[in-house]
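The next block holds one structure in the form of structure tokens; read it before the comments.
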Amino acid sequence: MDYFEGGERLNLMQVLDNREWREKYQKQLMASFPTAVITSVKLNLPGPIKTSPKLQSVFQIIINDLNSVFKDLQIIKEASFVDQITGPEIFFVTSGCLKLVKKIMITFEESHPLGRLMDLDVMCQNADKQLSREELGFAPRKCLLCGKDAKTCIKEGNHSLAEGYSQINKMLHNFEKSKMIVPQMTQSQVVNAALTGMLYEVSLAPKPGLVDPISNGAHKDMTVFTFIDSSLSLQPYLNEAYRIGSQFQGTDLPKMFSLLRNAGIGAEKDMFAVTKGVNTHKGAIFSLGIMVTAVAYATQKGITNLLTIQKVISDMTQDLVKNDLGKNNLRHSQNQQTAGERQFIKYKIPGVRGEAEKGFPIVMNLALPFLCEQQGNLNQRLLNTLMKIAGNIDDTNLIKRAGNDTISKDMQHWSMTFFQIGGSYTPEGLKFLNDLDRMFIKRNLSMGGAADNLILTIFLARLVGSL
5 MDYFEGGERL
15 NLMQVLDNRE
25 WREKYQKQLM
35 ASFPTAVITS
45 VKLNLPGPIK
55 TSPKLQSVFQ
65 IIINDLNSVF
75 KDLQIIKEAS
85 FVDQITGPEI
95 FFVTSGCLKL
105 VKKIMITFEE
115 SHPLGRLMDL
125 DVMCQNADKQ
135 LSREELGFAP
145 RKCLLCGKDA
155 KTCIKEGNHS
165 LAEGYSQINK
175 MLHNFEKSKM
185 IVPQMTQSQV
195 VNAALTGMLY
205 EVSLAPKPGL
215 VDPISNGAHK
225 DMTVFTFIDS
235 SLSLQPYLNE
245 AYRIGSQFQG
255 TDLPKMFSLL
265 RNAGIGAEKD
275 MFAVTKGVNT
285 HKGAIFSLGI
295 MVTAVAYATQ
305 KGITNLLTIQ
315 KVISDMTQDL
325 VKNDLGKNNL
335 RHSQNQQTAG
345 ERQFIKYKIP
355 GVRGEAEKGF
365 PIVMNLALPF
375 LCEQQGNLNQ
385 RLLNTLMKIA
395 GNIDDTNLIK
405 RAGNDTISKD
415 MQHWSMTFFQ
425 IGGSYTPEGL
435 KFLNDLDRMF
445 IKRNLSMGGA
455 ADNLILTIFL
465 ARLVGSL
């Protein structure tokens, strides 16, 4: 998810006009309340985009947290909120000593997870100048990217705007994940959520090239009943994955992952037994097993959040790409190589191993927040989420079937077109999906990687109460 998406780019005149307006308004407030302290709050963002729908939501979260701080100060005038193209702003008028209020604001900046993205100006009528952080015994603000003095980095142009946006998006993703609480659940609740992910995914329609209750898609060797049988065959494995995580002690999480992989070997045999040798859920055995184990481990002592679960997953799978796909670890016989290994050799795409090593960022940072924002019925919400995922990953299953990696750019275009015409909420969007499904079947294409990511997204959405 890009928090700057949908924001309008400003020109220099708009920035200067806003600065002039703010100074005038601050002077008006000081003139109207000569003994009060005026605090103005806005987002401190680099570049020409200062607001967007998602950034406005972030600002409101910060203000809600800041309101609790101002409750300790006497409010003289109710806060004035201004929403402009240059970004949302709010002004507080309080009693108190200028130094005290400034210290409170700096302390809030230092302690809040998003404090570095805030611009807090504190002033009053009888002050000759604004107090600096250094005058109050605080260190200068540090650069978001390198930790050096922020003013020096800005002056010297040490970082690109793209680097800045990437770091801010990362901060906001982590903050959002820290707010998504996963309660301590029973083993059956977690396992049922995992089974729900698999069953909801196969029940969803229409899905380009994928099996659903209406069509077998581009898969001649399986039906929706094959997927149902496969899902149910994995219940013992998912219970074992939970037990591994809930009983594992210590911090050697690669060892915990090794236990899970051993259990996964048996799960694949169970799957192939009921599907008569057809691969329905091999990817889900790997990725969903990791998530179930990570959730069980992270909730051993109580509630947790998605940020913690993502850290557990990354720790479990550290160096997985190197260990599995490194030059000396790849199987030499092409017949013995997995599809993921062949994709890595040919295109250098790490696939699901790379996603796992990073803690499944497509699911955590994009798909789950996107699903939580969707309206409409369940089928519409999940179809939109599936197409959002499909347009943002290198789907190794799709690439394998297409025979080239340029299909990823085509998928990005198809996803973009789908949303431009209204997604699953419009007849045009549903017609587009059905047309895409027919084209995928004709070309023997299937986006199995996107489907696996949707399963993970549904699983997490059930845990955090968003589905």
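Okay, so the sequence shown: first residue is 5 according to the working numbering, each after it adds one.
All residues carry an ideal CB built from backbone N, CA and C; glycine is no exception.
Open item on the list: Can you list, in chain order, the residues of its chain with a C-beta nearer than 8 Å to that of tyrosine 241? Leave out the 5 residues immediately preceding and following it.
Closed with: Ala267, Gly268, Gly270, Ala271, Asp274, Ile289, Gly293
Open item on the list: Given this structure, state the Cα-to-Cα distance separating leucine 402 from alanine 298, to the nearest angstrom.
Closed with: 28 Å
Open item on the list: Using only the alpha-carbon positions, how far apart do methionine 17 and lysine 54 sit?
Closed with: 14 Å
- [ ] Specify whether the stretch 202–218 and the stretch 84–91 touch according to this definition: at least 3 beta carbon pairs, one from each stretch, less than 8 Å apart.
- [x] Too few Cβ pairs lie closer than 8 Å, so no.
- [ ] Answer with buried or exposed for glycine 281, where buried requires no fewer than 16 other C-beta atoms within 10 angstroms of its C-beta.
- [x] Exposed: under 16 other Cβ atoms inside 10 Å.
Open item on the list: For a quick check, are the C-beta atoms of serine 115 and alanine 40 less than 8 Å apart?
Closed with: Between serine 115 and alanine 40, the C-beta gap is not smaller than 8 Å, which leaves the two residues out of contact.
Task: Pick from Glu82, Ala131, Ile80, Gly141 that is closest to isoleucine 108, judged by C-alpha positions - done: Gly141
Open item on the list: Checking the sheet assignment: what are the DSSP bridge partners for arginine 13?
Closed with: Ile53
- [ ] Helix, strand or coil for threonine 230, going by three-state DSSP, please let me know.
- [x] helix
Task: Residue nearest to leucine 199 in terms of C-alpha spacing, selected from Met184, Ser235, Asp225 - done: Nearest of Met184, Ser235, Asp225 to leucine 199, Cα basis: Ser235.
- [ ] Please look up how many angstroms separate the CB atoms of methionine 295 and phenylalanine 463, rounded, as I've assumed it's under 8 Å.
- [x] 6 Å
Open item on the list: Restricting to Cα atoms, I'd like to know which of Leu434, Asp398, Met368 is closest to methionine 5.
Closed with: Met368
- [ ] Go ahead and pull the three-state DSSP assignment for asparagine 448.
- [x] coil
Open item on the list: If distances are taken between C-alpha atoms only, which option among Gly380, Arg385, Phe364 comes closest to phenylalanine 374?
Closed with: Arg385
Open item on the list: Measuring only the C-alpha atoms, how far is serine 73 from threonine 111?
Closed with: According to the sequence provided, residue 73 is valine. The question's serine does not apply to it. Those two C-alpha atoms are separated by around 10 Å.
Task: Which listed residue (Asp409, Phe63, Phe179) has its alpha carbon closest to that of methionine 122 - done: Phe63
TODO: Please specify which runs of the alpha helix (DSSP H), each continuous and at least 4 residues long, are wholly inside the stretch 149–207, giving them in chain order.
DONE: Within the stretch 149–207, complete alpha helix (DSSP H) segments of at least 4 residues are found at 154–160, 165–183, 191–207, given in chain order.
Open item on the list: Quick check: the Cα distance between tyrosine 7 and leucine 238, rounded to an integer number of angstroms?
Closed with: For tyrosine 7 and leucine 238, the distance between alpha carbons rounds to 37 Å.
Open item on the list: Which residue wins for smallest C-alpha separation from glycine 395, given the options Asn381, Gln424, Gly407, Leu176?
Closed with: Gln424
TODO: Specify, as a first and last residue, the run of the beta strand (DSSP E) that cysteine 128 falls within.
DONE: It spans 122–128 - the beta strand (DSSP E) in which cysteine 128 sits, taken as one unbroken run.
Task: CA nearest to the CA of lysine 435, picked from Asn448, Lys446, Arg447, Thr421 - done: If we check each option's Cα against that of lysine 435, Thr421 comes out closest.
Task: Residues near glycine 318 in its chain [Cβ-Cβ closer than 7 Å; skip 5 each side] - done: This sequence places serine at residue 318; glycine is not what is there. For serine 318, where only same-chain residues beyond five positions count, the Cβ hits under 7 Å are Glu361, Lys362, Gly363.
- [ ] Below 8 Å on the Cβ atoms is my guess for leucine 118 versus isoleucine 66; work out the distance and round it to an integer in Å.
- [x] Cβ-Cβ separation between leucine 118 and isoleucine 66: approximately 6 Å, consistent with a contact (criterion under 8 Å).
TODO: Determine the extent of the beta strand (DSSP E) in which threonine 98 is found, giving its start and end residues.
DONE: 91–98
- [ ] Starting from glutamine 251, follow the alpha helix (DSSP H) in both directions and report where the run begins and ends.
- [x] 239–251
Open item on the list: In whole angstroms, give me the CA-to-CA distance for alanine 154 and lysine 58.
Closed with: Approximately 25 Å, taken between the alpha carbons.
Open item on the list: Can you find the residues in the same chain that come closer than 7 Å, C-beta to C-beta, to arginine 357, ignoring five residues on each side of it along the sequence?
Closed with: Leu324, Val325, Asp328, Leu329, Gly344
Task: 4 or more residues per run - each alpha helix (DSSP H) lying fully within the stretch 265–304 - done: 286–302
Task: Neighbourhood of asparagine 309 by C-beta distance below 8 Å, restricted to the same chain and skipping five residues each side - done: Closer than 8 Å at Cβ, skipping near neighbours: Lys181, Ser182, Lys183, Met184, Ile185, Val186.
- [ ] Return the bridge partner residues of lysine 362 from the DSSP annotation.
- [x] The partner list for lysine 362 (beta bridge, DSSP) is empty, contrary to what the question assumes.
- [ ] For asparagine 309, write down the residues that DSSP places opposite it in a beta bridge.
- [x] Ile185
Task: Segment limits, alpha helix (DSSP H) that includes isoleucine 393 - done: 382–394
Open item on the list: Taking DSSP's pairing of strands, which residues face aspartate 87 in a bridge?
Closed with: Aspartate 87 pairs with Pro92.
Task: Expected contact under 8 Å - CB spacing of aspartate 389 and glycine 453 to nearest Å - done: According to the sequence shown, residue 389 is threonine rather than aspartate. Going by Cβ atoms, the distance from threonine 389 to glycine 453 rounds to 14 Å, so no, they are not a contact pair.
Open item on the list: Please return the same chain residues whose Cβ sits closer than 7 Å to the Cβ of glycine 10, not counting the five positions on each side in sequence.
Closed with: Ser56, Pro57
Open item on the list: According to DSSP, valine 41 sits in a beta bridge with which residue or residues?
Closed with: According to DSSP, valine 41 bridges with Thr98, Cys128.
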